[in-house]
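Just below is one structure, and these are the notes that go with it.
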Amino acid sequence: MNLSDFRAQVGIQPSRVAAEKWALAGGLNTEQPTPTPGNPGELREVLNYEVDLAGGYRSKAGYEAHDGRTAPSSLRVQEVRYTDLLETPTQGDVLQDDNTGATAVVIATDTDGGRFIVVETSDALDFEEGSAIINQNTLNSAATAAGPFEVPQDYDTQLEAAWTYYRSLIGPVGGASCSGPVRGVWIFNGSVYAFRDNSSATAGTMWLATTSGWSSVSLGVILYFRTGVTEIAEGQTLTGATSGATLVVRRVSLQAGTWESGDARGYVVGTAFTGTFVAAENLQVSAVTVAGTPASGTVGAAYTLPPGGRYRFRNYNFSGFADRYRMYGVNGVGFAFEFDGQYFAPIQTGIGKTPDTWNSGIGSDKPTHIGVHKNHLFLIFAGGSVQHSGFQQPFSWRVQTGADERNLGEDCTGMLEELGDVAVIASRSRTWLLQGDVRENFKLELYASETGAIDGTMQRLGTAIYLDDRGITTVQAAAEFGNFVSNSITAKIQKRLFRDLEQKTVACSVILRERSLYRLIFTDGSATVVGMVGTQFIGLTYIDYGKNVTCAVSGEMIGGSRRDAAGSVGERVFFGADDGYVYEDESGTTFNGEPIETVAKTLFYSGAMVERTKQYRRLLVDIDCDTTGEICIGALYDDGEDYRNADRAECMPLPGNRAQWDVSDWDLFFWDTQVLGRAVRRLSGMGVNISVEINSSQKHCAPHSIRAIETHASVRERRKLR
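Residue numbers for the sequence shown follow the numbering used here, so the first one is 23 and each next one is one higher.
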């Protein structure tokens with residue numbers, strides 16, 4: 023009997039190498055040791071990877087401190103060689119070629135190498151050999167140029183030095199005049215705004231990010247009026263007939279009475295305030311009396327935000343005019359407000375006020391949540407009072423103009439408007455649907471009596487998505503008109519999510535529309551990330567910002583993002599932290615100077631040869647990356663029962679730097695020259711199944727995507743008997 027006949031008789035098949043390839047997809051699965059059917063690319067552990075719409079998992083992009091100044095990640099470092107050094111410039115000085123006019127900011131002076139390390143600041147201009155280099159800060163001649171801009175050979179080192187310098191210029195919101203965490207951050211009309219308490223924590227402040235850093239936003243002046251006989255209009259100048267004080271009107275809110283009956287009562291918000299209005303004086307426009315000031319209570323005062331609070335916002339246009347697009351906000355400690363980019367105006371609803379106290383402070387007029395539905399501004403107060411303004415009148419809260427109130431009977435945790443023609447309003451334990459167009463047909467109906475939303479988690483990403491006590495849930499329109507279906511999408515990480523909810527506090531949530539991601543962020547900076555395609559869930563992963571996050575926002579920066587072509591519109595993402603800084607997310611290749619750590623470990627997968635012991639020979643990983651960097655790949659076998667039987671992680675350059683193949687052990691790791699972006703790792707482990715481990719620590723690499731895995735293995739044993 024020959025060897026082939028013997029193998030056939032005892033059931034032993036000839037050893038052969040079989041290849042099997044599977045896509046990386048499905049996200050994290052911590053509920054079972056092996057992948058769910060159809061998803062062999064699920065993960066048992068993940069950090070700083072997110073589900074990629076193009077397939078696979080994409081590493082987290084960086085973030086960096088933001089105050090409107092030059093972003094460190096936008097820099098390009100150059101060197102200018104010199105002769106005849108006359109004056110050593112200091113870091114931050116501006117050098118100029120006296121002949122061509124080219125300018126650059128000094129990062130360092132390398133006297134041994136005869137070069138200035140600089141950041142170029144004059145496009146299309148260059149330094150010229152023989153030109154005098156003038157230090158614009160001292161107006162002295164610093165040296166003679168020995169040639170044009172060149173790329174330093176130690177580029178990464180010098181780039182990090184430039185990052186460090188430019189990062190040092192960026193300050194926290196409000197600088198030394200403020201204290202505590204960032205309480206709100208928002209995008210409006212292409213600008214970034216932030217809110218933070220003053221240094222003594224006695225008032226809130228509002229700031230605008232500019233090219234020279236954070237700039238304080240004036241909150242204007244409130245002036246109360248009564249006995250109004252002639253309608254006051256925006257742009258008019260009011261003058262106190264007794265005091266001589268003046269104010270230019272920017273907003274008018276009529277709270278009671280009518281102009282026609284001569285008992286109009288309310289307030290105006292103004293600027294250009296001079297003098298001090300006094301009680302019971304006439305208010306005049308062009309020497310004609312139009313109203314009077316109150317006889318008691320507050321007459322007029324510069325408006326200040328109360329300290330503390332949690333800010334929430336909406337941008338909306340309540341009119342048909344393009345210039346009426348405005349920002350609306352609440353903070354839970356003071357009045358709601360409107361801001362048009364120039365004028366700030368508190369919105370007083372009159373809740374809890376009487377004719378005797380109408381001008382006597384905030385009282386209970388402290389909305390916690392905000393929404394917009396069918397051209398009505400909705401403000402929601404503690405205890406579940408849901409109030410809406412008049413139609414297209416965000417400053418009018420009178421029944422006569424269509425304002426009204428409904429009650430939830432418990433504190434609201436969020437409002438998500440315009441899900442079709444329906445708005446979703448939630449408490450911690452229940453969910454309601456708001457339908458209708460005006461007060462007369464608005465209908466608030468209980469949708470779910472046992473599930474609600476945790477505060478700060480409601481977003482819209484193709485469908486409503488939020489976190490409740492049972493997991494992350496989506497609500498979407500059903501086929502039948504007017505019906506909705508809810509669906510929990512966190513079954514594969516349920517135990518871990520419950521543990522997080524027991525040990526952590528939700529800070530906020532944010533969506534990335536261009537990448538179809540929902541990020542649920544906890545106060546410690548960890549975040550659960552949900553990937554969606556339309557209304558279809560495609561997977562969850564985890565990231566960690568390494569910062570104690572307090573708030574976040576994403577939105578289009580009209581007029582173009584610095585990462586996009588000039589004049590284009592691009593989505594940008596920002597978050598605030600407890601250190602007082604605002605950070606731009608999805609920007610740069612570091613976490614504000616720190617390397618980005620990524621980990622992806624697949625579930626143990628046996629492939630088509632179930633329960634057969636295999637000798638693994640090779641591992642191939644499809645990776646997309648456009649820049650330099652390094653990635654490490656290893657493998658575990660047999661459910662990780664024996665770590666001695668493992669191929670420990672070995673590192674190699676990413677495909678963005680295909681020429682740098684100085685790998686520590688060439689026999690273990692190399693790039694397959696036949697397939698672009700495919701890393702090949704030699705394996706020596708044996709087992710029934712395999713888990714692939716991929717990790718990296720990057721400071722100069724743009725996000726990379728891991729797409730698919732292929733293994734080559736030979737069968738060593740026949741199928742085990744049960």
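Ideal placement from N, C-alpha and C gives every residue a C-beta, glycine not left out.
I'd like to check one pair, residue j with residue i: are the Cβ atoms closer than 7 Å?
i, j, result
"GLN306", "THR261", "yes"
"GLY602", "GLY568", "no"
"PHE400", "ILE369", "no"
"ALA574", "VAL532", "yes"
"ARG80", "PRO725", "yes"
"SER373", "SER386", "Note that residue 373 is Ile in the sequence shown here, rather than Ser. The answer is yes: Cβ separation under 7 Å."
"GLY84", "PHE544", "no"
"GLY331", "VAL355", "yes"
"ALA367", "VAL291", "yes"
"PHE520", "GLN414", "no"
Report back the beta-carbon spacing between residue i and residue j to the nearest angstrom; my notes put them in contact at under 8 Å.
i, j, result
"ALA164", "PRO203", "No, ALA164 and PRO203 are not in contact; Cβ-Cβ is about 43 Å, not under 8 Å."
"LEU542", "LEU489", "6 Å"
"THR52", "LYS517", "7 Å"
"THR611", "SER95", "7 Å"
"HIS410", "HIS398", "4 Å"
"ILE653", "SER718", "5 Å"
"ILE515", "LEU562", "6 Å"
"ALA301", "GLY250", "Not a contact, Cβ separation roughly 16 Å."
Give the secondary structure of residue i by DSSP, where H, G and I count as helix, E and B as strand, and everything else as coil.
i, result
"ASP219", "strand"
"ASP134", "coil"
"GLY288", "strand"
"ASN397", "coil"
"ASP646", "strand"
"ALA681", "Low per-residue confidence applies at ALA681: pLDDT is 36, beneath 50, and the placement is therefore not dependable, though the value from the model is reported in the following sentence. In this structure, ALA681 counts as coil in the three-state DSSP scheme."
"LEU523", "helix"
"THR423", "helix"
"GLN516", "helix"
"ASP119", "strand"
"GLY458", "coil"
"ALA657", "strand"
"GLU536", "helix"
"ASP345", "helix"
"ASN162", "strand"
"SER213", "strand"
"ARG741", "Per-residue confidence for ARG741 stands at a pLDDT of 48, beneath the threshold of 50, marking its modelled position as unreliable; the derived number appears in the next sentence. Residue state, collapsed to three classes: coil."
"PRO94", "helix"
"GLY592", "strand"
"ALA587", "Annotation note: pLDDT 44 at ALA587 (below 50); position unreliable, coordinate value reported separately. ALA587 falls in the coil class under three-state DSSP."
"GLY478", "coil"
"ASN304", "strand"
"GLY561", "strand"
What separation, rounded to the nearest whole angstrom, lies between the Cα atoms of residue i and residue j?
i, j, result
"ALA622", "ARG66", "8 Å"
"VAL595", "LEU483", "15 Å"
"GLY193", "HIS88", "8 Å"
"SER153", "VAL140", "17 Å"
"LYS465", "LEU455", "8 Å"
"TYR246", "LEU161", "55 Å"
"GLN158", "ARG640", "60 Å"
"GLY589", "GLY90", "Because the pLDDT of GLY589 is 45, which lies under 50, any placement of that residue in the model is unreliable, and the number read from its coordinates should be weighed accordingly. Taking the straight line from one Cα to the other gives about 18 Å."
"VAL127", "ALA184", "10 Å"
"GLY474", "THR512", "15 Å"
"GLY322", "VAL243", "7 Å"
"ASN211", "GLY363", "8 Å"
"TYR187", "GLN100", "15 Å"
"THR311", "GLY442", "48 Å"
"ASP491", "GLU472", "10 Å"
"SER318", "GLN258", "25 Å"
"TYR289", "VAL274", "6 Å"
"VAL632", "ASP648", "37 Å"
Identify the continuous alpha helix (DSSP H) that holds residue i and give its terminal residues.
i, result
"ASP178", "177 to 191"
Looking at the secondary structure, which residues open and close the beta strand (DSSP E) in which residue i lies?
i, result
"ARG205", "200 to 210"
"ILE712", "712 to 720"
"VAL748", "A query on residue 748 cannot be resolved here, the shown segment of the chain reaching from 23 to 744 and no further."
"PHE340", "Note, PHE340: premise wrong, no beta strand (DSSP E); not H, not E."
"ARG332", "Looking at the DSSP string, ARG332 is not in any beta strand (DSSP E), and its letter there is neither H nor E."
"CYS573", "571 to 579"
"ASN157", "154 to 157"
"THR620", "618 to 624"
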